[in-house]
Structure formats: C-alpha cells, structure tokens
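Trainee: Questions regarding the structure given below will be posed in turn.
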C-alpha cells in the first residue's frame with residue numbers, strides 16, 4: 002500500500018490558548034511523542050512541531066486516503082494528554098493530505114500561517130522540530146525531502162519578498178526608529194513615566210542591545226522598581242530635565258494633562274548635545290511632548306498615532322506581499338512535483354474527497 | 026574603436042547595470058544587504074583599472090591630462106574609495122548612490138568632444154609629479170563621496186522628520202553613522218589634498234599656475250569645512266548641505282582648468 006503524506010494541525014486560529022496549552026508537548030517530550038506516533042499502525046515517518054501557537058503532526062501513513070492516519074493521530078493526542086471529553090471536543094484540527102500537507106508546511110515555514118504575518122521565529126522552530134525527529138530516527142526519505150524543500154521555500158520567500166519588512170508592533174517600530182538614528186549599542190534611553198507601554202518599548206530596545214536605561218517617575222519607588230527590573234538606574238522626577246542631554250532616546254508616558262517637554266527645553270538640550278540626534282517617543286495620551294519639538298534640528302518626534310500608523314502600514318505591506326509569497330509557494334510545489342491544486346485559502350474550511358485534501362475537523 | 030574606449034563603455038554598463046538592478050529590487054521591496062550587490066561595482070572597478078592601464082600605455086604616461094581622462098580617473102578613485110569605506114556602507118545603499126555619479130562621469134567623459142586625445146610626447150617622467158596629480162584626484166574623489174554621503178544623510182533625515190518609514194528608510198544607514206562618515210571622508214579628502222599640495226611645493230610649481238591656484242582654493246574651502254565640522258559650529262543637517270554644496274568647488278575647478 003502506498004504511503005500518504007498527512008498532517009494534523011491545531012493552531013491559534015482553530016483553538017483557543019486554554020485548550021491549546023493542554024495538548025502542547027514539552028520540549029523534552031517531543032522526540033518521545035514522535036516515536037510513539039510512528040509506532041501507531043500504518044505510520045512510517047513522523048515530525049512533531051509544538052510551539053506556543055501551534056501543535057502540528059507531520060507523518061507518512063499507509064492508507065488509501067489518509068483519513069485513517071488523521072483519526073489515529075487525533076486519538077493519540079487525546080490519549081497522550083488524557084483529555085476530558087469536553088476538552089477533546091473543543092479541539093479543532095486542520096487536516097491535510099499529500100500536496101496540501103506540503104503547501105501547509107511551506108506556508109508555516111514561511112511565516113504565512115503565523116499570528117504575526119511573516120515572522121521569522123517559526124522557521125527556527127520548524128528546523129528544531131525536524132532536527133529532533135531526525136535525531137530520534139523518526140524521519141525517512143519522504144519527510145527528509147519534504148522538510149528540506151520546506152526550508153528552501155522558506156528562505157526563498159524571505160529573500161525574494163518583503164514579507165518580513167517593517168515592524169508590526171509599536172515596541173518594534175520604536176526599536177526600528179532608534180536603530181536608524183543611533184548605533185543601538187551606544188544608545189542611552191530615558192523613560193519619563195513608567196507606564197506599561199513605555200516599559201514594553203524600553204524592553205524592546207534593551208533586548209536589541211541598547212546601552213542603558215534611566216527611569217524617572219512621579220512615584221520614585223515605582224521608578225526604582227522598574228529600573229531594577231531593566232537593570233537600569235532611577236532618577237527623581239524633579240531631576241529628569243537636567244539629565245536629558247545625556248540620553249539619545251526619550252520615551253515619555255506620564256499622565257500629565259499638559260505638555261511637559263517643550264521646544265525651549267529641547268533647544269537647550271540640543272545645544273548641550275552639540276546637535277547629536279535625539280529620538281523622542283511620546284506614547285502618552287494626552288501627549289507629553291509639544292509637536293513643535295519635531296521642528297528642531299536633529300530631533301525626531303513620534304507620538305503614539307505616528308507609531309501606530311507605521312505599524313499598520315507595515316502590516317498592510319506584508320498583506321500585499323502575501324500574494325507574491327503564495328505564488329512562490331505554488332511555483333515551488335509544482336517544481337518539486339506536487340500536483341497542482343487550488344490554493345489553501347480556496348480550500349480552507351472545505352472537505353474534499355480524494356487523495357489531496359485539506360479539511361477542518363472537530364473531535 | 027580603441028581597446029580602452031571599449032573597456033570604459035563596458036565599465037559604464039556594469040555600473041549602470043548595478044544601478045538598474047538595485048532600483049528594480051528596491052521597487053519590488055525585496056532589497057537585502059548582500060555581497061552580490063558588490064559584483065557590478067567590482068566588475069566596473071576592474072574594467073576601469075584595465076582602462077587606465079591601456080590608456081596609460083597609449084599615451085605613454087599617467088592618463089590625467091585631458092578632462093575626459095581626469096573624469097575617468099576620479100570615477101576610478103570613487104569606486105576604489107567605495108571599497109575602502111567599510112562593509113556596512115558597501116552592502117547598504119551607498120553603492121546605489123555612488124553608481125549614478127560614477128556612471129555619469131564616465132558618460133560625460135565618453136561624450137565630450139575630442140575625448141581621450143593623444144598626449145604630446147613627455148620627456149623624463151618624474152614620479153613625484155605623477156604622485157602629486159594622482160593624490161589630488163583621489164582627494165577629489167573623497168570629496169565626491171562626501172557629497173554622496175551628504176545626500177544620503179539629507180534623504181534619511183527627511184524621511185525621519187516626515188515619518189516616511191518605507192523601503193528606502195530601512196536600507197539607509199543610521200543618520201549618526203552618516204554624519205560620522207561625512208566628517209571622516211571630508212577629513213580624508215583634506216589630508217590627501219594637503220599631501221598633494223605639499224608635493225607641488227616640493228616640486229616648486231609656479232603659484233600663478235591656474236591649476237595650483239584652484240587646488241589651493243579647494244584646500245582653503247575644505248579646511249574651513251573641516252574646522253566647522255570639528256568645532257560643531259553647524260548642525261549635522263547643515264553640515265550635510267555643506268558637504269553637498271562644497272563638491273561644486275573641486276568639480277568646477279577641474280572643469281575650468283581642463284576644458285580650455
């Protein structure tokens with residue numbers, strides 16, 4: 002009997018996190034799970050992918066149409082995680098066979114199936130899942146070939162399109178901007194106000210290598226607490242103005258009802274800085290920074306709307322790139338000898354009878 | 026057609042090819058920093074070097090007398106300095122901004138009336154004279170790159186001010202790095218020109234020679250530019266404008282002296 006490529010996918014689109022977390026494999030258990038699935042009747046090769054957003058099982062199964070394979074894999078998950086009937090019923094899977102399995106994997110590796118369209122982390126996660134399966138000896142000729150093809154498609158999509166271009170969150174837009182003004186390794190950041198959003202921006206900057214953080218807040222205790230969390234230093238609220246000339250990025254998020262950063266202050270700061278560029282990020286509502294500050298030479302002011310607009314533009318740009326990415330995937334499927342079929346979107350939610358199929362199933 | 030002229034046409038095509046490719050990739054939104062972008066620039070530089078070799082043999086001396094030859098020598102110097110500036114810039118868009126300048130100079134050289142004339146036979150070659158001329162032209166190439174970097178700074182500055190965070194924005198280096206590059210390139214040009222003029226003093230060239238007067242005028246201008254940069258007397262944006270506008274001086278100097 003011939004072997005069919007099959008996959009079972011449970012992800013953030015189909016299943017809420019409180020259910021998804023019940024069927025997530027711990028990193029140390031993935032190899033064991035792959036071996037257990039391969040030991041099920043009719044299975045020859047398996048790869049298990051388990052991340053915070055998805056649990057996916059890829060396999061080759063000897064059956065006429067692959068349906069039996071899906072059933073066995075679903076049962077395995079219920080059994081392995083000892084799911085109560087209510088939880089088992091809440092599981093919604095995407096099932097793929099043959100070409101659809103390949104197309105799905107190619108889309109996953111390329112970040113087209115991710116929550117943040119075009120994100121790159123998934124590429125490494127799939128690579129790791131494949132490596133674990135390879136080391137566990139649960140892959141063979143078919144899955145080895147499929148995953149190598151998937152990595153090549155993922156690289157091609159990343160290199161030939163702008164699917165990863167730009168930032169889609171306010172925090173990462175702030176980092177992008179800071180990188181285009183300063184060398185981040187030399188970048189000193191000051192938080193004026195210790196709101197959640199400014200904390201997120203500062204953490205993004207730190208994670209990308211910003212040199213130091215100074216936190217100033219009306220409540221000094223809160224400033225000390227946040228500074229300790231970010232390995233920075235705290236500054237009393239009546240001292241932040243005098244320290245401004247020494248920082249390269251200001252993130253302001255106080256609850257003041259009026260502008261606290263005005264052109265006169267920034268003029269003085271810029272003279273002291275000898276006109277070294279200064280990025281000012283104002284995420285307070287009402288705004289903390291007078292918009293006239295952006296007119297000063299060497300000062301680049303972005304308020305929350307400007308940051309959000311940039312993130313939205315990037316998201317739209319990525320969506321525009323989606324069609325190009327899908328086209329590349331179709332070309333590659335054809336090049337690798339998979340039969341030509343309607344695209345994944347056209348099939349999503351439909352059950353097709355035949356050897357190539359994507360279906361949505363409930364337990 | 027002479028061999029060297031064909032080499033120059035091929036070099037021009039290499040630079041233009043690189044430019045067209047870069048613009049097409051940028052428009053598609055798929056520009057990535059890649060060593061492949063160096064290929065047309067490297068090919069252009071190799072062809073230009075071959076041109077200088079064959080042209081030098083044809084005229085029996087360093088080919089730096091006619092305006093067309095000088096333009097090509099400066100184009101070669103710009104391409105050469107481009108590879109010396111640093112990986113971060115080579116792999117970013119500096120190449121894209123450099124190629125039109127280089128290709129434009131070569132097209133001008135090719136289309137000038139009576140371009141690449143035969144030189145009068147030269148007596149004994151004095152190495153110091155050749156070195157003096159070559160150093161002066163390389164310094165002008167450094168000023169040309171200062172101008173290109175200034176344009177990049179002004180562009181990135183405008184994008185940042187107006188919140189135009191698109192494809193080009195992501196490919197341009199940080200403005201602080203661009204400001205540093207402007208300062209370094211202007212300083213490099215000044216050091217080279219100073220060395221060249223010191224050689225001319227050693228050669229006891231006449232101070233009334235229009236070439237020497239023009240070179241001294243350029244030296245004075247770039248000394249002032251470097252002083253202003255060193256003392257931070259202007260904002261980085263004003264300095265970028267200064268770097269762009271100042272390049273008119275060496276360009277006009279060469280034009281006036283050699284177009285006679």
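Protein chains in written order, with the numbering used here: chain H, 2 to 364; chain Z, 26 to 285. Built from N, CA and C at the ideal position, the CB exists for glycine as well. A quick note: this is a predicted structure, and the numbers were derived from the prediction, not measured.
Would you decide whether residue 300 of chain Z is buried or exposed? Buried here means 16 or more other CB atoms lie within 10 Å of its CB.
Mentor: Past the edges of chain Z, shown from 26 to 285, lies residue 300 of chain Z, and the structure says nothing about it.
Trainee: I need the boundaries of the beta strand (DSSP E) containing residue 253 of chain H, first residue and last residue.
Mentor: 250-253
Trainee: Would you grab the beta carbon distance between residue 173 of chain Z and residue 122 of chain Z for me? Rounded to a whole angstrom, and I think it's under 8 Å.
Mentor: 5 Å
Trainee: Could you compute how far the alpha carbon of residue 298 of chain H sits from the alpha carbon of residue 104 of chain H?
Mentor: Taking the Cα positions, residue 298 of chain H is about 51 Å away from residue 104 of chain H.
Trainee: What is the DSSP secondary structure of residue 228 of chain Z, counted as helix, strand or coil?
Mentor: coil
Trainee: Contact defined as beta carbons within less than 8 Å: I believe residue 4 of chain H pairs with residue 40 of chain H. What is the distance between those atoms, to the nearest angstrom?
Mentor: Not quite, the Cβ-Cβ distance comes to about 16 Å (not below 8 Å), so this is no contact.
Trainee: Rounded to the nearest angstrom, what separates residue 133 of chain Z and residue 154 of chain Z at their Cα positions?
Mentor: 26 Å
Trainee: In three-state terms, what does DSSP make of residue 140 of chain H?
Mentor: coil
Trainee: Could you tell me whether the segment 48-57 of chain H touches the segment 119-137 of chain H, using the rule of 3 or more Cβ pairs below 8 Å?
Mentor: yes
Trainee: Taking DSSP's pairing of strands, which residues face residue 62 of chain H in a bridge?
Mentor: Looking at the DSSP output, residue 62 of chain H shares a beta bridge with H:5 and H:44.
Trainee: For residue 237 of chain H, which beta-bridge partners are listed by DSSP?
Mentor: H:218
Trainee: Would you kindly check if the distance between the Cβ of residue 211 of chain H and the Cβ of residue 225 of chain H is under 8 Å?
Mentor: no
Trainee: Which two residues bound the contiguous beta strand (DSSP E) that contains residue 76 of chain Z?
Mentor: Here residue 76 of chain Z belongs to no beta strand (DSSP E); instead the alpha helix (DSSP H) covers 63-84.
Trainee: Is the beta carbon of residue 49 of chain H closer than 8 Å to that of residue 31 of chain H?
Mentor: Yes, they are a contact pair.
Trainee: I'd like to know if residue 257 of chain Z contacts chain H, where contact means its C-beta is closer than 8 Å to some C-beta of that chain.
Mentor: yes
Trainee: Quick check: what's the CA-CA separation for residue 21 of chain H versus residue 268 of chain Z?
Mentor: 59 Å
Trainee: Below 8 Å between beta carbons: does that hold for residue 85 of chain Z and residue 144 of chain Z?
Mentor: The answer is yes: Cβ separation under 8 Å.
Trainee: Just to confirm before moving on: does the CB-CB distance between residue 169 of chain H and residue 315 of chain H stay below 8 Å?
Mentor: yes
Trainee: Please check if any C-beta of chain Z sits within less than 8 Å of the C-beta of residue 184 of chain H.
Mentor: yes
Trainee: Check whether the segment 254-267 of chain H touches the segment 154-173 of chain H, counting contact only when three or more Cβ pairs, one atom from each stretch, lie closer than 8 Å.
Mentor: no
Trainee: For the segment 181-198 of chain Z, enumerate the residues whose C-beta is nearer than 9 Å to any C-beta of chain H, in chain order.
Mentor: Listed by position, the residues of the segment 181-198 of chain Z near chain H (Cβ gap below 9 Å) are 181, 182, 184, 185, 186, 188, 190, 191, 192, 194, 195, 197 and 198.
Trainee: Could you check whether the segment 263-273 of chain H touches the segment 289-296 of chain H, counting it as contact only if at least three pairs of C-beta atoms, one from each stretch, sit closer than 8 Å?
Mentor: yes
Trainee: Is there contact here, the segment 270-279 of chain Z with the segment 241-255 of chain Z, by at least three beta-carbon pairs under 8 Å?
Mentor: yes
Trainee: Checking the sheet assignment: what are the DSSP bridge partners for residue 213 of chain H?
Mentor: H:189
Trainee: If you measure beta-carbon to beta-carbon, which residues of the segment 281-311 of chain H are closer than 8 Å to chain Z?
Mentor: 295, 298, 299, 301, 303, 307, 310 and 311
Trainee: What separation, rounded to the nearest whole angstrom, lies between the Cα atoms of residue 10 of chain H and residue 318 of chain H?
Mentor: 27 Å
Trainee: Listed in chain order, which residues of the segment 143-176 of chain Z have Cβ atoms closer than 8 Å to some Cβ of chain H?
Mentor: none
Trainee: Kindly indicate which three-state DSSP category residue 99 of chain H falls into: helix, strand or coil?
Mentor: Coil at residue 99 of chain H, not helix or strand.
Trainee: Could one say the Cβ of residue 276 of chain H lies closer than 8 Å to chain Z's Cβ atoms, at least one of them?
Mentor: yes
Trainee: When the distance is taken between beta carbons, is residue 227 of chain H closer than 8 Å to residue 216 of chain H?
Mentor: Yes, these two residues count as a Cβ contact at 8 Å.
Trainee: With a cut-off of 8 Å, do at least 3 Cβ pairs link the segment 251-260 of chain Z to the segment 195-214 of chain Z?
Mentor: The count of Cβ pairs closer than 8 Å, one atom from the segment 251-260 of chain Z and one from the segment 195-214 of chain Z, reaches three, so the stretches are in contact.
Trainee: Write down the C-beta distance between residue 6 of chain H and residue 162 of chain H rounded to the nearest angstrom, noting that I regard them as a contact closer than 8 Å.
Mentor: With a Cβ gap of about 26 Å, residue 6 of chain H and residue 162 of chain H do not count as contacting.
Trainee: Throw me the rounded Cβ distance for the residue 265 of chain Z and residue 175 of chain Z pair, which I believe falls under 8 Å.
Mentor: 4 Å
Trainee: Go ahead and label residue 1 of chain H buried or exposed: buried means 16 or more other beta carbons lie within 10 angstroms of its beta carbon, across all protein chains shown.
Mentor: With chain H running from 2 to 364 in the structure shown, residue 1 of chain H is simply not present.
Trainee: State the Cα-Cα distance for the pair residue 170 of chain Z and residue 107 of chain Z, rounded to the nearest angstrom.
Mentor: 8 Å
Trainee: Give the secondary structure of residue 286 of chain H by DSSP, where H, G and I count as helix, E and B as strand, and everything else as coil.
Mentor: Looking at residue 286 of chain H - three-state DSSP - the assignment turns out to be coil, as it is neither helix nor strand.
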